[in-house]
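Visitor: Pasting a structure here, questions to come.
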Amino acid sequence: MSSFIAKRDSMEVTVDAPKTELQSAHLIESSPKKRALGLVDLPAAVRNCIYKYALDTELVNVGESNVSYTHYIKDGTLQFTTSRSPFLVQTALFYVNKQISKEALHYFYSKNLFVKFKVYSSDARHAKTMLEDSGLLFSTASPEWLERSKQHALEVVVVEKNSSQMRAEVMFPAQYLPRIINFFDQCSQATKSWAPAHSIFISMMNTYDFPISRLQGDLLELFRLLSNLGNAAIDNKHLLDRYAEGLQSNMTAPAFNANTWLETVMSLADLADTARDKEDYITANEYSQSVIIALTYGYLTHAEILHTQDEAFAKSVQRLRWRTELGLGIALSLLHREYTLSSPSWLSEATTPAAKTAARDLLLAESTLSKALSLATDSPSPTSNPWFLSLPVELIPPNKPTFFTDLERAHTWYALGTVHASLGETLFAAGDMERALELWKDGEGKGKAEKAFEGVRERIDSEREGMWKGEIRPGRGLGRAARIAIRV
Numbered sequence: 000m001s002s003f004i005a006k007r008d009s010m011e012v013t014v015d016a017p018k019t020e021l022q023s024a025h026l027i028e029s030s031p032k033k034r035a036l037g038l039v040d041l042p043a044a045v046r047n048c049i050y051k052y053a054l055d056t057e058l059v060n061v062g063e064s065n066v067s068y069t070h071y072i073k074d075g076t077l078q079f080t081t082s083r084s085p086f087l088v089q090t091a092l093f094y095v096n097k098q099i100s101k102e103a104l105h106y107f108y109s110k111n112l113f114v115k116f117k118v119y120s121s122d123a124r125h126a127k128t129m130l131e132d133s134g135l136l137f138s139t140a141s142p143e144w145l146e147r148s149k150q151h152a153l154e155v156v157v158v159e160k161n162s163s164q165m166r167a168e169v170m171f172p173a174q175y176l177p178r179i180i181n182f183f184d185q186c187s188q189a190t191k192s193w194a195p196a197h198s199i200f201i202s203m204m205n206t207y208d209f210p211i212s213r214l215q216g217d218l219l220e221l222f223r224l225l226s227n228l229g230n231a232a233i234d235n236k237h238l239l240d241r242y243a244e245g246l247q248s249n250m251t252a253p254a255f256n257a258n259t260w261l262e263t264v265m266s267l268a269d270l271a272d273t274a275r276d277k278e279d280y281i282t283a284n285e286y287s288q289s290v291i292i293a294l295t296y297g298y299l300t301h302a303e304i305l306h307t308q309d310e311a312f313a314k315s316v317q318r319l320r321w322r323t324e325l326g327l328g329i330a331l332s333l334l335h336r337e338y339t340l341s342s343p344s345w346l347s348e349a350t351t352p353a354a355k356t357a358a359r360d361l362l363l364a365e366s367t368l369s370k371a372l373s374l375a376t377d378s379p380s381p382t383s384n385p386w387f388l389s390l391p392v393e394l395i396p397p398n399k400p401t402f403f404t405d406l407e408r409a410h411t412w413y414a415l416g417t418v419h420a421s422l423g424e425t426l427f428a429a430g431d432m433e434r435a436l437e438l439w440k441d442g443e444g445k446g447k448a449e450k451a452f453e454g455v456r457e458r459i460d461s462e463r464e465g466m467w468k469g470e471i472r473p474g475r476g477l478g479r480a481a482r483i484a485i486r487v
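Residue numbers (numbering that gives the first Met the number 0): 0 to 487.
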């Protein structure tokens, strides 16, 4: 019996298995791999928030244990070790990439405003006492590393009895500067020979694009607490003209003198007036802010002496503050006078840089002139009183309506009215100017105010229909300016 094997077609052999495999197979679409988000992809506001909690020397120490220092002497200079890192900042951010490194370093140095502090003394124990008993929290980096640092804000050198031996060099954030200054003040009060035996040399190293008046206030103004020093030398680089000379004079005077202090502050106000007369409004504003800061610090640090002065002194202080607030408000408004006059509808140009800057400065001018008016009228409300915003109630200098004349009150009302008009608040402006004219006597420049008042009334007449429709109402101009200014 012969067996028969059916021959299969070659197509049958080769097709069945692949056919089954093809039926069970499916195509997978290839998609490009997405790049993981990095710091540079985050909005600037989010990155700044990260820098805040990673690089702010104050915030990173919240809830942490105290730092204790131990020291040893190497080559005559104190070297310190600590129980933990004094500043638990995330320095790894400095090495992420060029953009993040630049941003993080700028935030780190500009936010913390580091002070390089050197002590020269014949006795290393004096330097140790100065650093440890003052309560400073300072970096323990080596002097060699500190010498290479170029991004700190301030450099302070203390020399005892003309010694040429450097005993310590440290770096600390400016938030601890009041501690060392208070320590100096306590030493000078405890031992009369302490201050004459010490000299202080101060240099502003970097400004980080901050207003000069702000840096002077944050870093230098508190040094007026000191007096009777053997020498005080302040480099005027990065400072307003004549500021360094006035501060040096206060620091080397035999004792704090209220009248000398007031004369020094008044000289800054005179420079503000001079700059404003030359139409250098930016410089005028810087000097005005310096006056306000100096007055505030004066009553914070020498309240007892200043409050024991006679009424004439209090009158001079209040008039100086009024004059400064008034001048500051006028200068801020004049900065944008040409722009607001040439563009009556500037409040609708929210996207232009000029509109944003004008809105910010005019709102500040409105606030500042309200403060000046509060002083000139001795308003009982603390809302606009500038002293209430910066001093405890018990430290505020006394004020009386008789410290000011009706004409001065008229000038203040008029200045406030012009700013309200620039902000589109014609009803407010009309009320301000009406009060000004009630106080203004004939022949004292009243005609200019009357002309401005007439112009405001004409604008109100032209806006009558919009008022009836609710399109124009009191406060709308201020609100619109505030929304524009937020975008600066």
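Every residue gets a Cβ at the ideal spot worked out from N, C-alpha and C, and that includes glycine.
Check MET165 in the structure and name its three-state DSSP category.
Guide: Of the three classes helix, strand and coil, the one that applies to MET165 here is strand, per DSSP.
Visitor: In this structure, what does DSSP give as the bridge partners for ALA231?
Guide: For ALA231, which the question treats as bridged, DSSP gives the partners ILE199.
Visitor: Could you spell out where the alpha helix (DSSP H) holding GLN308 opens and where it closes?
Guide: Run containing GLN308: none; DSSP gives neither H nor E here.
Visitor: Go to GLN78, then tell me how far its beta strand (DSSP E) extends in each direction, as first and last residue.
Guide: 76 to 81 is the span of the beta strand (DSSP E), which, as asked, contains GLN78.
Visitor: Within the same chain, show all residues whose beta-carbon is closer than 7 Å to that of THR13, passing over the 5 residues directly before and after it, in chain order.
Guide: Model confidence at THR13 stands at a pLDDT of 48, short of 50, so the residue's coordinates are unreliable and nothing is read from them.
Visitor: Going by DSSP, what residues sit across from LEU153 in a beta bridge?
Guide: Beta-bridge pairing links LEU153 to VAL114 and MET203.
Visitor: If the criterion is Cβ atoms closer than 9 Å, does the pair ILE291 and ARG320 meet it?
Guide: Yes. Within cutoff.
Visitor: Work out the CA separation of LEU305 and ARG275 for me, nearest whole Å.
Guide: If I take the Cα positions, the gap works out to 29 Å.
Visitor: Please look up how many angstroms separate the CB atoms of SER289 and LEU239, rounded, as I've assumed it's under 8 Å.
Guide: About 6 Å separates the two Cβ atoms, so the contact holds.
Visitor: Might you give, ordered along the chain, the residues of its own chain that have their beta carbon closer than 6 Å to the beta carbon of VAL316, omitting 5 neighbours on each side?
Guide: So the qualifying residues of the chain are PRO396.
Visitor: DSSP has HIS70 in a bridge; who is on the other side?
Guide: According to DSSP, which records beta bridges pairwise, HIS70 is partnered with PHE79.
Visitor: Would you mind stating whether PRO172 and PHE113 have Cβ atoms separated by less than 9 Å?
Guide: Closer than 9 Å, so yes.
Visitor: Have a look at SER133 and ALA167 and give me their C-alpha separation to the nearest angstrom.
Guide: Straight-line Cα distance between these residues: approximately 14 Å.
Visitor: So, for ASN181: in the same chain, excluding its five sequence neighbours on each side, which residues have a beta-carbon less than 8 Å away from its beta-carbon?
Guide: Answer for ASN181: SER133 and LEU224, listed in chain order.
Visitor: Between the alpha carbons of LEU334 and TYR280, how many angstroms are there, rounded?
Guide: Rounded to the nearest angstrom, the two C-alpha atoms are 6 Å apart.
Visitor: Within the same chain, show all residues whose beta-carbon is closer than 6 Å to that of THR69, passing over the 5 residues directly before and after it, in chain order.
Guide: If we look at THR69 and ignore the five residues flanking it on each side, its Cβ neighbours are THR80.
Visitor: Under 9 Å between the Cβ atoms of ALA429 and ARG463?
Guide: No. Outside cutoff.
Visitor: Kindly indicate which three-state DSSP category SER95 falls into: helix, strand or coil?
Guide: Here the sequence assigns Val to residue 95, which means Ser is not the residue at that position. Looking at VAL95 - three-state DSSP - the assignment turns out to be coil, as it is neither helix nor strand.
Visitor: Along the chain, which unbroken stretches of the alpha helix (DSSP H) at least 4 residues long are found entirely within the segment 386 to 427?
Guide: Segments of the alpha helix (DSSP H) lying fully in the segment 386 to 427: 405 to 421.
Visitor: Select from LEU270, ASN284, ASP460 and THR376 the residue whose C-alpha is nearest the C-alpha of ASN398.
Guide: The residue with the shortest Cα to Cα distance from ASN398 is THR376.
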